[in-house]
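Residue numbers (this note's numbering): 629 to 828.
Beta carbons are placed, not taken as given, at the ideal position from N, Cα and C, and that holds for glycine.
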C-alpha cells in the first residue's frame, strides 16, 4: 500500500557533545520551507556570533526531495553529511539541525570531527519528540448553500480537516484531505450538483 505518512520533530530540541575542549551545541528545528531554514539559521548565528562554525543540514518535504548539507568552513564532508546522516537514520523530514562549534584549541582530525558532529546531532534528535504526520492535499470546494447537508456528510470523514469556510449564496470551503482518501473524497463531492473541487 502507498505510504501517506512521514516523520518529523514536534518542536525544537537541543543536543550537546564535547571532545578535547571543543564544544558542539546542536539545535534541531521543525521547518517546512527554505525561508524558515534561513530564519532559524540567522537566529543561531546571531545567538552564537562568537562561535567558529555553524554547520547544518536540512531535509524538506514528505518525500525528502529537498535537502542540503553545509560544512561552514570545516573540512569537506566532516560536518553537514554526518548531521544529515542522523536525520536519515531517524527517518525524519521537515527538519533542520544546526551544530555550533566552539573550538577548544586541539584539532580533532577528519574522523574526530565526523564523530563529534554526528554525536551532537544524534543527541538533539534523541531529545526531540518524533511524530508521524499525514501527507495531505488541499482542495477548494465551492457549492450551493442548498447542498450544505450533502457536502457536510462527506466532510465528516476523519481524514478531512476544514481549514476555512465562507458562506453566502454559494459556499466556499478550503479543506485538507489525507492523501489515501483524497481521490475518493473529491469524486464524491463532484457528484453533488453544482459543486466544484479544485486542487490548491
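Does residue i come out as helix, strand or coil in the three-state DSSP assignment?
| i | result |
| --- | --- |
| residue 659 | coil |
| residue 732 | coil |
| residue 681 | strand |
| residue 827 | strand |
| residue 653 | strand |
| residue 758 | strand |
| residue 792 | strand |
| residue 691 | coil |
Which residues in the same chain have their Cβ closer than 8 Å to the Cβ of residue i, if we skip the five residues on either side of it in sequence?
| i | result |
| --- | --- |
| residue 787 | 762, 805, 806, 808, 809 and 813 |
| residue 698 | 683, 684, 685, 707 and 708 |
| residue 714 | 725, 746, 749, 750 and 753 |
Would you call residue i buried or exposed, if buried means 16 or more other Cβ atoms sit within 10 Å of its Cβ?
| i | result |
| --- | --- |
| residue 729 | buried |
| residue 803 | buried |
| residue 669 | buried |
| residue 638 | exposed |
| residue 645 | buried |
| residue 828 | exposed |
In chain order, what residues of the same chain have a beta carbon less than 7 Å from the beta carbon of residue i, not counting five sequence neighbours either side?
| i | result |
| --- | --- |
| residue 825 | 767, 769, 814, 817 and 818 |
| residue 785 | 809 and 813 |
| residue 692 | 721 |
| residue 647 | 736, 740 and 744 |
| residue 820 | 771, 775, 778 and 779 |
| residue 702 | 681, 683 and 741 |
How close, in whole Å, do the beta carbons of residue i and residue j come, if the pair is a contact with beta carbons under 8 Å?
| i | j | result |
| --- | --- | --- |
| residue 718 | residue 758 | 6 Å |
| residue 800 | residue 720 | Wrong, their Cβ atoms sit about 35 Å apart, outside the cutoff. |
| residue 773 | residue 797 | 6 Å |
Output needed for residue i: all residues of its chain with C-beta closer than 6 Å, excluding positions within five of it in sequence on either side, in chain order.
| i | result |
| --- | --- |
| residue 710 | 742, 745 and 746 |
Checklist entry - Is the number of C-beta pairs between the region 746-753 and the region 643-656 that are closer than 8 Å three or more? => result yes
Checklist entry - Quick check: the region 725-739 against the region 637-656, are there 3 or more CB pairs under 8 Å? => result yes
Next on the checklist: Below 8 Å, how does it come out for the region 701-716 and the region 736-748: are there three or more Cβ pairs, yes or no?
Outcome noted: The answer is yes - the region 736-748 touches the region 701-716, with three or more Cβ pairs under 8 Å.
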